[in-house]
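Enquirer:
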Amino acid sequence: MTLAFVLRWRFWLVLSAAVFVLLAVLDRPASALLGPSDCNSSAYSYFFSGQKSVWSPLVGSSAAGGYSYVINPNGLPQGSSTAQQLIYGHKNWNQTNNDCGIGNQNNFDAVFNGENNVQAGAQDGINAVDFSTQDPPLGCSAGAIACTVDWAYVYSSGPNEIHEADMRFDLQYSWDDGQGPCILAYNEQSVATHEAGHALGLGHVSDSTQTMYSQSNFCDTSPQTIGSGDILGMRSLYP
Ligand SMILES: [Zn+2]
7 MTLAFVLRWR FWLVLSAAVF VLLAVLDRPA SALLGPSDCN SSAYSYFFSG QKSVWSPLVG
67 SSAAGGYSYV INPNGLPQGS STAQQLIYGH KNWNQTNNDC GIGNQNNFDA VFNGENNVQA
127 GAQDGINAVD FSTQDPPLGC SAGAIACTVD WAYVYSSGPN EIHEADMRFD LQYSWDDGQG
187 PCILAYNEQS VATHEAGHAL GLGHVSDSTQ TMYSQSNFCD TSPQTIGSGD ILGMRSLYP
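Start counting the sequence shown at 7; every next residue gets the next number (this note's numbering).
(1) Consult DSSP for Ala128 and reduce its assignment to one of helix, strand or coil.
(2) Just to confirm my understanding: we take Leu92, look at its own chain, exclude 5 residues before and 5 after, and list those with CB closer than 7 Å. What are they?
(3) Would you tell me roughly how many angstroms separate the C-alpha atoms of His204 and Gly81, rounded to the nearest one?
(4) Give the range of the alpha helix (DSSP H) segment to which Ala49 is assigned.
(5) Skipping 5 residues on each side, what residues in its chain have a beta carbon closer than 6 Å to that of Pro83?
(6) Within 10 Å of its beta-carbon, does Asp300 have 16 or more other beta-carbons around it, so buried, or fewer, so exposed?
(7) In the stretch 57-84, which residue ranges form an unbroken beta strand (DSSP E) of at least 3 residues, counting only runs that do not cross its ends?
(8) Would you please state the rounded distance, in angstroms, between the beta carbons of Leu144 and Asp172? I believe it to be under 8 Å.
(9) Taking the alpha carbon of Asp105 as the reference point, which residue from Gln125, Leu243, Thr227 has its own alpha carbon closest?
(10) Inspect the CB distances between the stretch 46-58 and the stretch 149-164 and report whether three or more fall short of 8 Å.
(11) Less than 7 Å between the C-beta atoms of Ser48 and Leu238, yes or no?
(12) In its own chain, which residues sit with a C-beta less than 7 Å from the C-beta of Ser62, not counting the 5 before and 5 after it?
(13) Would you identify the three-state DSSP class for Leu243, choosing helix, strand or coil?
(14) Would Gly233 be called buried (16 or more neighbouring beta carbons within 10 Å of its own) or exposed?
(15) For the candidate residues Ala191, Val124, Gln185, His210, whose alpha-carbon lies nearest to that of Arg174?
(16) Could you pull the DSSP bridge partners for Ile168 from this structure?
(17) Rounded to a whole number of angstroms, what is the C-alpha to C-alpha distance between Tyr73 and Asp141?
(18) Rounded to whole angstroms, what is the Cα-Cα separation between Pro79 and Thr102?
(19) Along the chain, where does the beta strand (DSSP E) containing Gly203 start, and where does it finish?
(20) Can you say whether Trp18 is buried or exposed, counting buried as having 16 or more other CB atoms within 10 angstroms of its CB?
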């Protein structure tokens with residue numbers, strides 16, 4: 007068994023609202039962007055260059071795998087309300103939150119472990135979530151509004167083992183906690199759900215109806231419900 011140390015990241019690309027709408031009109035009826043269409047996809051990918059990489063089971067958890075994360079309270083756009091949206095984003099995977107009639111798979115746990123002033127980006131054994139003016143966040147490509155970095159042990163056989171995930175949201179953009187009117191801002195829970203998908207081991211898909219699609223639009227709340235492909239991916243990693 008060989009052991010290597012690798013760093014990979016994926017990010018949430020920005021696409022202007024005008025371009026996004028134009029693509030939607032060209033590719034599909036606008037209604038296909040909503041609700042039940044999320045349930046016709048089998049698209050998913052793995053985060054680490056197509057290699058299956060998973061968290062080991064948490065001690066004391068009934069889940070097949072999971073991780074425990076902290077939230078840095080400094081710089082949260084709407085304070086504790088933002089923190090709650092970040093937690094909901096993780097819970098959307100824990101609870102298999104979907105519009106497809108698929109029951110709670112309960113095979114992965116992301117556990118909130120309180121607030122902590124630690125910053126995201128350092129490999130320090132703490133899975134940190136924060137907001138920062140660093141642009142692009144965590145060294146992701148220009149245009150990224152958020153970024154998740156996973157560290158994993160890579161094995162020659164069997165799945166790789168993720169042992170840390172850090173997540174950063176870019177304060178250069180406006181953020182919406184879903185508690186009031188949203189204007190030209192990114193929905194915190196939606197982006198947190200997408201980034202939590204990276205933390206658990208999923209990569210991007212080209213299907214825009216799925217939470218793991220790489221691009222976002224202002225005020226879009228649809229990624230809060232994970233799609234059928236997203237669920238298949240989670241099930242593949244944590245059966
Ligand atoms: Zn992403």
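Don't be surprised by glycine CBs; every beta carbon is placed ideally from N, CA and C.
Note that the structure is a prediction, hence the values are computed from the model and not measured.
Expert: Considering the structure as presented:
(1) Reading the sequence shown from its first residue, position 122 is the one you call residue 128. Of the three classes helix, strand and coil, the one that applies to Ala128 here is coil, per DSSP.
(2) Position 86 of the sequence shown holds residue 92. Within the same chain, and ignoring the five residues on either side of Leu92 in sequence, the residues whose Cβ sits closer than 7 Å to its Cβ are Ile77, Val135, Glu194, Ala198.
(3) Within the sequence shown, residue 204 is the residue found at index 198, counting from 1. Within the sequence shown, residue 81 is the residue found at index 75, counting from 1. About 23 Å.
(4) Here residue 49 refers to the residue found at position 43 when the sequence shown is read from its first residue. Here Ala49 belongs to no alpha helix (DSSP H), and DSSP marks it neither H nor E.
(5) The sequence position of residue 83 within the sequence shown is 77, counting from 1. Correct list, in chain order: Trp181.
(6) This structure cannot speak to residue 300, because the chain is shown only from 7 to 245.
(7) Segments of the beta strand (DSSP E) lying fully in the stretch 57-84: 59-61, 72-77.
(8) Indexing the sequence shown from 1 puts residue 144 at position 138. Indexing the sequence shown from 1 puts residue 172 at position 166. Your pair Leu144 and Asp172 checks out as a contact, with CB atoms roughly 7 Å apart and the cut at 8 Å.
(9) Sequence index remark: in the sequence shown, residue 105 carries index 99 (1-based). Comparing alpha carbon positions, the residue from Gln125, Leu243, Thr227 closest to Asp105 is Thr227.
(10) They touch, by the three-pair rule.
(11) Along the sequence shown, one-based indexing puts residue 48 at 42. Along the sequence shown, one-based indexing puts residue 238 at 232. In contact: Ser48 and Leu238 (Cβ atoms closer than 7 Å).
(12) Here residue 62 is taken as the residue at index 56 of the sequence shown, counted from 1. Taken in chain order, the residues that qualify are Gly71, Glu167.
(13) As a first step, residue 243 is located in the sequence shown; it is residue number 237 there, counting from the start. In this structure, DSSP gives Leu243 a helical state, which the three-state scheme calls helix.
(14) Along the sequence shown, read from residue 1 onward, the residue named residue 233 stands at position 227. Buried is the call here.
(15) Against the sequence shown, residue 174 aligns to sequence position 168. Of the listed residues, the one whose Cα sits closest to Arg174 is Val124.
(16) As a first step, residue 168 is located in the sequence shown; it is residue number 162 there, counting from the start. According to DSSP, which records beta bridges pairwise, Ile168 is partnered with Trp61, Ala158.
(17) Position 67 of the sequence shown, counting from 1, holds the residue named residue 73. Position 135 of the sequence shown, counting from 1, holds the residue named residue 141. When rounded, the separation of the alpha-carbon atoms in Tyr73 and Asp141 is 26 Å.
(18) Looking up residue 79 in the sequence shown gives position 73. Looking up residue 102 in the sequence shown gives position 96. Whole-angstrom Cα-Cα distance: 26 Å.
(19) Along the sequence shown, read from residue 1 onward, the residue named residue 203 stands at position 197. Unbroken run through Gly203 is the alpha helix (DSSP H), 194-206; no beta strand (DSSP E).
(20) Here residue 18 refers to the residue found at position 12 of the sequence shown. Confidence is the limiting factor: at Trp18 the pLDDT is only 47, short of 50, which leaves the residue's position unreliable, though a coordinate-based value still follows. Buried, because 16 or more other Cβ atoms sit within 10 Å of the Cβ of Trp18.
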